[in-house]
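A short write-up of the structure that comes next.
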Amino acid sequence: GAGVSQTPSNKVTEKGKYVELRCDPISGHTALYWYRQSLGQGPEFLIYFQGTGAADDSGLPNDRFFAVRPEGSVSTLKIQRTERGDSAMYLCASSASRTSQGGELFFGEGSRLTVL
Amino acid sequence: AQSVTQLGSHVSVSEGALVLLRCNYSSSVPPYLFWYVQYPNQGLQLLLKYTSAATLVKGINGFEAEFKKSETSFHLTKPSAHMSDAAEYFCAVTNGGNTDKLIFGTGTRLQVFP
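From first to last, the protein sequence lines stand for chains A and B.
For the first sequence, the numbering used here begins at 141 and goes up steadily by one.
For the second sequence, the numbering used here begins at 3 and goes up steadily by one.
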């Protein structure tokens, strides 16, 4: 069966540009997470959705970052006015049950963003 | 707020030697704890998890971890390392409360020498 799919796998952009990263979760998974991973660091929580709504967006670093999941399936992470410091691997994960009840996250292979 | 600390960003062992990767957690309520592994050019995958049942948890590929509340630890072990175990290992915690936010440690890179 298909796993979590993230596109593009690699994105190079210029400072100040707008970027969208897409995540297609495992079918039927109600929870969807976005993480950011810089070189040599662990995944840093950004936001997670339960269905269509953002259940916790406390990890979004500032108002340039926004994420949506309009139909409760595919999600898009949007970054406005990109900065060089936004360069990182952006990870998406989905889950069929709550991590607070021991649910497992299934990760995609990530979208590597490079801001020149 | 919950957090995890992984001591040792790099661990090197010989093939066949014991693997020990350390994880200490901080949580105001009983935690749920996870170990994930990231092989080169692959996504993270779950190795094992502790969810308040047995304190000794067995996972895939011969790994296991023991939850020790008195030491606030959840160290990962494997009796005999294989070359294929070379990867990045991440400990993660959620506090089982109203949030499903999973917090990861900074990771430990395991190298296995022949």
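Every residue gets a Cβ at the ideal spot worked out from N, C-alpha and C, and that includes glycine.
Three-way DSSP call (helix, strand, coil) for residue i in this model
i                     : result
residue 166 (chain A) : coil
residue 68 (chain B)  : strand
residue 241 (chain A) : helix
residue 182 (chain A) : coil
residue 150 (chain A) : strand
residue 14 (chain B)  : strand
residue 224 (chain A) : helix
residue 202 (chain A) : coil
Residue i: contacting residues in chain A (beta-carbon distance under 7 Å)
i                     : result
residue 108 (chain B) : 181, 182
Extent of the continuous beta strand (DSSP E) to which residue i belongs
i                     : result
residue 232 (chain A) : 228-235
residue 252 (chain A) : 251-255
residue 218 (chain A) : 215-219
residue 47 (chain B)  : 47-52
residue 5 (chain B)   : 5-7
residue 95 (chain B)  : 89-96
residue 193 (chain A) : 193-196
Through-space distance from residue j to residue i, alpha-carbon basis
i                     : j                     : result
residue 173 (chain A) : residue 143 (chain A) : 14 Å
residue 43 (chain B)  : residue 29 (chain B)  : 32 Å
residue 35 (chain B)  : residue 225 (chain A) : 30 Å
residue 205 (chain A) : residue 110 (chain B) : 29 Å
residue 196 (chain A) : residue 21 (chain B)  : 36 Å
residue 73 (chain B)  : residue 23 (chain B)  : 15 Å
residue 52 (chain B)  : residue 59 (chain B)  : 7 Å
Cross-chain neighbours of residue i in chain A, by beta carbon under 9 Å
i                    : result
residue 71 (chain B) : Per Cβ cutoff of 9 Å: no residues; residue 71 (chain B) is ~17 Å from chain A at best.
Residue of the options minimising C-alpha distance to residue i
i                    : options                    : result
residue 31 (chain B) : B:3, B:55, B:68, B:86      : B:3
residue 95 (chain B) : B:88, B:85, B:38           : B:38
residue 89 (chain B) : A:171, A:176, A:189, A:180 : A:180
Amino acids of chain A, ordered along the chain, whose beta-carbon sits closer than 8 Å to that of residue i
i                    : result
residue 92 (chain B) : 182, 183
residue 46 (chain B) : 183, 231, 233, 245, 247
residue 51 (chain B) : 242, 244
Contact list for residue i against chain B, beta-carbon separation under 8 Å
i                     : result
residue 250 (chain A) : 45
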